[in-house]
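A.B. asks: Taken in order, these protein sequences are the chains called A and B.
Those letters in the first sequence? Residues 1 to 182, by UniProt numbering.
Those letters in the second sequence? Residues 1 to 182, by UniProt numbering.
There are 2 protein chains.
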Amino acid sequence: MAMAGLYRRVLPSPPAVDFSSDEGKKLFIEAIQAGTMEGFYKLISNFQTQLEPAYCGLATLSMVLNALSIDPKIRWRGPWRWFDESMLDCCEPLEKVKAEGISLGKVACLAQCAGAEVQAFRTSETTLDRFRQHVQSCSVSDGCHLVSSYHRGTLKQTGTGHFSPIGGYHAGRDMVLILDVA
Amino acid sequence: MAMAGLYRRVLPSPPAVDFSSDEGKKLFIEAIQAGTMEGFYKLISNFQTQLEPAYCGLATLSMVLNALSIDPKIRWRGPWRWFDESMLDCCEPLEKVKAEGISLGKVACLAQCAGAEVQAFRTSETTLDRFRQHVQSCSVSDGCHLVSSYHRGTLKQTGTGHFSPIGGYHAGRDMVLILDVA
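1) Between the region 38-53 of chain A and chain B, which residues of the former have a C-beta closer than 7 Å to a C-beta of the latter?
2) Count Cβ pairs between the region 109-116 of chain B and the region 70-87 of chain A that sit closer than 8 Å; are there 3 or more?
3) State the DSSP-derived secondary structure class of V140 of chain A, mapped to helix, strand or coil.
4) State the beta-bridge partners of H170 of chain B as determined by DSSP.
5) Using only the alpha-carbon positions, how far apart do H170 of chain A and S45 of chain B sit?
6) Please state whether the Cβ-Cβ distance between F40 of chain A and G168 of chain A is less than 8 Å.
7) Using 8 Å for Cβ pairs, my map puts C138 of chain B next to L146 of chain B. What's the rounded Cβ distance?
8) Confirm, please, whether the CB-CB distance from L58 of chain A to L88 of chain A is below 8 Å.
9) How many angstroms separate the CA atom of V181 of chain A from the CA atom of Y7 of chain B?
10) Give me the Cα-Cα distance between V95 of chain B and S164 of chain B, rounded to the nearest whole angstrom.
11) Per DSSP, what kind of secondary structure is R8 of chain B in: helix, strand or coil?
12) In chain A, which residues lie with their C-beta within 7 Å of the C-beta of I29 of chain B?
13) Buried or exposed, going by whether 16 or more other CB atoms sit within 10 Å of the CB of G101 of chain B?
14) Tell me the DSSP bridge mates of P165 of chain A?
15) Considering only their Cβ atoms, is the gap separating S149 of chain B from G159 of chain B smaller than 8 Å?
16) Pick out whichever of A:D22, A:V64, A:F131 has its Cα sitting closest to the Cα of V107 of chain A.
17) Please classify S20 of chain A: does DSSP put it in a helix, a strand, or coil?
18) For a test of the three-state rule: what should DSSP assign to R152 of chain A, helix, strand or coil?
19) In whole angstroms, what is the alpha-carbon distance linking L27 of chain B and A99 of chain A?
20) Give the residues of chain A in contact with Y7 of chain B, contact being defined as C-beta atoms less than 9 Å apart.
21) At what residue ranges does the region 38-94 of chain B contain a whole run of the alpha helix (DSSP H), taking only runs of 4 or more?
22) For S62 of chain A, count the other beta carbons within 10 Å of its own beta carbon; 16 or more makes it buried, fewer makes it exposed. Which is it?
23) Closer than 8 Å by C-beta to G105 of chain B: which residues in its own chain qualify, once you throw out the five before and the five after it? Chain order, please.
24) With respect to the alpha helix (DSSP H) encompassing Q112 of chain B, which residues constitute its N-terminal and C-terminal limits?
25) So for E100 of chain B, helix, strand or coil by DSSP?
26) Helix, strand or coil for Q157 of chain A? Go by DSSP, reduced to three states.
27) Does the ligand FAD have a heavy atom nearer than 7 Å to the CB of L51 of chain B?
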């Protein structure tokens, strides 16, 4: 049984493009040159993959909080203050998140609780055009970051609801770079 | 006492250049265009910061093993096979690493134990020119990755011995990009 289980799924492409593929690298450089990857550097410097299968919301949030240089005001390990997933114990009990994951509303609540300025957008209350405007305006600065909550099935991926930060935008192809925390 | 401790140190620059600074971004793009950032994409897709203050060697190694798509052959969580630091329990007991850190020799042993092809270079047994040649040849492919073991004091940083992967090379400035796992 030691070998049971799964070793990665190959990314279904299309619709997504693998960041480390030739096409991914090309899109990345084009987007940098267009100035729409400005949030990438700080986000990726704080990249992490989730500690538990249901921690996508917490891993996403701790990346963004660290990228924004928000001080958790409590210690992580030794003398260091720093966000990790286990420190995001507010709005929803950590054990419940571990078992069931977390909703968009609770992620927004948690981000606020941790000291971030938050705006939550639900698909039912906004339009694709407005979403694109937010992506565009966030992509040219490193002072705001977008967190996406999406259904993996739409991208032909294994799984259901998922959270990840958006690392940048390619306007010509109308594509975002998802910094997948899984 | 809740607020005691430290919130990040500002990176002493020079000698290092912050990746997310204007100069850092410029060097990054130049190095991409020179073709010496080829290992960056897979490494950064597997970036992680260390789970414990003395886990720099293990975090570095699990990044590189995941970047090389080496199958741990045991499960991480649920059905998924994937390396994290706690799974690198070979050559040196995990509790000892947590308390004292890990030596270059043990990191090389561990990497081999996990299934990687390893070459270890000690400063006492090689030259700066040979090191530069290895950096250069690794930077143009994503099939090999360099792990650096260095003394933070040399870079005017807080701390002593540290491990991190090298994410690429800028030949014009003779600088490497250290993907610092701390």
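We put the CB at the ideal spot given by N, CA and C, even for glycine.
C.D. replies: Short version:
1) Hits within the stretch, in order: Y41, K42, I44, S45, F47, Q48, T49, E52, P53.
2) In this structure the region 109-116 of chain B does not touch the region 70-87 of chain A; the number of beta carbon pairs closer than 8 Å is below three.
3) Residue 140 of chain A sits at position 140 when you count from the first residue of the first sequence. In the structure shown, V140 of chain A sits in coil (DSSP, three-state: anything other than H, G, I, E or B).
4) As a position in the second sequence, residue 170 of chain B is number 170, starting the count at 1. Answer is B:M175, bridged to H170 of chain B.
5) Mapped onto the first sequence, residue 170 of chain A falls at position 170. Mapped onto the second sequence, residue 45 of chain B falls at position 45. Roughly 18 Å between the two C-alpha positions.
6) For the purposes of this step, residue 40 of chain A is identified with residue 40 of the first sequence, where counting begins at 1. For the purposes of this step, residue 168 of chain A is identified with residue 168 of the first sequence, where counting begins at 1. Against a cut-off of 8 Å, the Cβ pair of G168 of chain A and F40 of chain A comes out as a contact.
7) For the purposes of this step, residue 138 of chain B is taken as the residue at position 138 of the second sequence. For the purposes of this step, residue 146 of chain B is taken as the residue at position 146 of the second sequence. Rounded to whole angstroms, the Cβ separation of C138 of chain B and L146 of chain B is 5 Å, and the two are in contact under 8 Å.
8) In the first sequence, residue 88 of chain A corresponds to position 88, counting from 1. In the first sequence, residue 58 of chain A corresponds to position 58, counting from 1. Result yes, Cβ atoms of L88 of chain A and L58 of chain A sit closer than 8 Å.
9) By one-based count along the first sequence, residue 181 of chain A stands at place 181. By one-based count along the second sequence, residue 7 of chain B stands at place 7. Between the alpha carbons of V181 of chain A and Y7 of chain B lies a gap of roughly 24 Å.
10) Reading the second sequence from its first residue, position 95 is the one you call residue 95 of chain B. Reading the second sequence from its first residue, position 164 is the one you call residue 164 of chain B. According to the sequence displayed, residue 95 of chain B carries Glu and not Val. The straight-line gap from Cα to Cα measures roughly 20 Å.
11) Indexing the second sequence from 1 puts residue 8 of chain B at position 8. DSSP places R8 of chain B in coil when its eight states are reduced to three.
12) One-based indexing of the second sequence puts residue 29 of chain B at position 29. Under the 7 Å cutoff, chain A gives I32.
13) Numbered from 1 along the second sequence, position 101 holds the residue referred to as residue 101 of chain B. It counts as buried.
14) Locating residue 165 of chain A in the first sequence gives position 165, counting from the first residue. The bridge partners DSSP lists for P165 of chain A are A:V147.
15) Within the second sequence, the letter at position 159 stands for residue 159 of chain B. Within the second sequence, the letter at position 149 stands for residue 149 of chain B. No; because the gap between Cβ atoms is not below 8 Å, this pair is not in contact.
16) Reading the first sequence from its first residue, position 107 is the one you call residue 107 of chain A. It is A:V64 whose Cα lies nearest to the Cα of V107 of chain A.
17) The residue you call residue 20 of chain A lines up with position 20 of the first sequence. DSSP places S20 of chain A in coil when its eight states are reduced to three.
18) Locating residue 152 of chain A in the first sequence gives position 152, where the first residue counts as 1. Under the three-state reduction of DSSP output, R152 of chain A falls in the helix class.
19) To locate residue 27 of chain B, count along the second sequence from 1; it is residue 27. To locate residue 99 of chain A, count along the first sequence from 1; it is residue 99. Straight across, the Cα-Cα distance linking L27 of chain B with A99 of chain A is about 44 Å.
20) As a position in the second sequence, residue 7 of chain B is number 7, starting the count at 1. Within 9 Å Cβ-Cβ: S69, D71, P72, K73, W80, R81, W82.
21) Counting only runs of 4 or more residues that sit fully inside the region 38-94 of chain B, the alpha helix (DSSP H) segments are 40-45, 56-67, in chain order.
22) In the first sequence, the residue the question calls residue 62 of chain A occupies position 62. Under this definition S62 of chain A is a buried residue.
23) Counted from its first residue, the second sequence places residue 105 of chain B at position 105. Closer than 8 Å at Cβ, skipping near neighbours: A120.
24) Your numbering for residue 112 of chain B matches position 112 in the second sequence. Segment 104-113, the alpha helix (DSSP H) holding Q112 of chain B.
25) Within the second sequence, residue 100 of chain B is the residue found at index 100, counting from 1. Collapsing the DSSP output to three states places E100 of chain B in a helix.
26) The residue given as residue 157 of chain A occupies position 157 in the first sequence. Under the three-state reduction of DSSP, Q157 of chain A is assigned to coil, being neither helix nor strand.
27) Absence of the ligand FAD from the depicted structure is noted, as is the absence of any ligand whatsoever, leaving it without description.
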